[in-house]
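**Q**
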Amino acid sequence: MPYVEVFLLAVPKSRIEDYKKAERSSEPILKEFGATAVVECIGDDVPYGELTSFPRAVQAGDDEIVVLSWIVYPSKEVRDAANARMMSDEHFTDIMKDAPIDGKRLISGGFVPFIGL
């Protein structure tokens, strides 16, 4: 059964190209580790809500863009193995160390799809 890992984060507008470069470089590695699809989305119409919203969720500032991404794996077990492998893969960690991501404001989670995929 497919498994989807979802990420929501804020990226400084001035560093969005750095983020894109890092993610484009990491995609082949993720696929090597078992991902069947990697999707990166830059916020385009994500207003700051009064109570809840994507920007509020990641405490995005006026100088930041909200990014939503997801990775599809064949199963949760493949996702778990991929995540463990990523932490010890020197090439992957080198790419990500320069990515403009504030890990304290990154939201992630695993989901089991029931429609689609």
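Heads up: the sequence shown begins at 382 in our numbering, then just goes up one per residue.
Using N, Cα and C, we set each Cβ at its ideal position, and we do this for glycine too.
1. What's the C-alpha gap between M440 and C422?
2. Which one of E404, V419, F492 has the shortest CA to CA distance from E458?
3. Run through DSSP, which three-state label would V459 get?
4. If we ignore side chains and look at the alpha-carbon of each, how far apart do L351 and A438 end up?
5. Measuring straight from C-alpha to C-alpha, what distance separates E386 and D443?
**A** Here's the rundown:
1. Rather than Met, the amino acid found at residue 440 in this sequence is Gln. When rounded, the separation of the alpha-carbon atoms in Q440 and C422 is 18 Å.
2. F492
3. helix
4. Residue 351 lies beyond the residue range present for the chain, which begins at 382 and ends at 498; the question has no answer from this structure.
5. 27 Å
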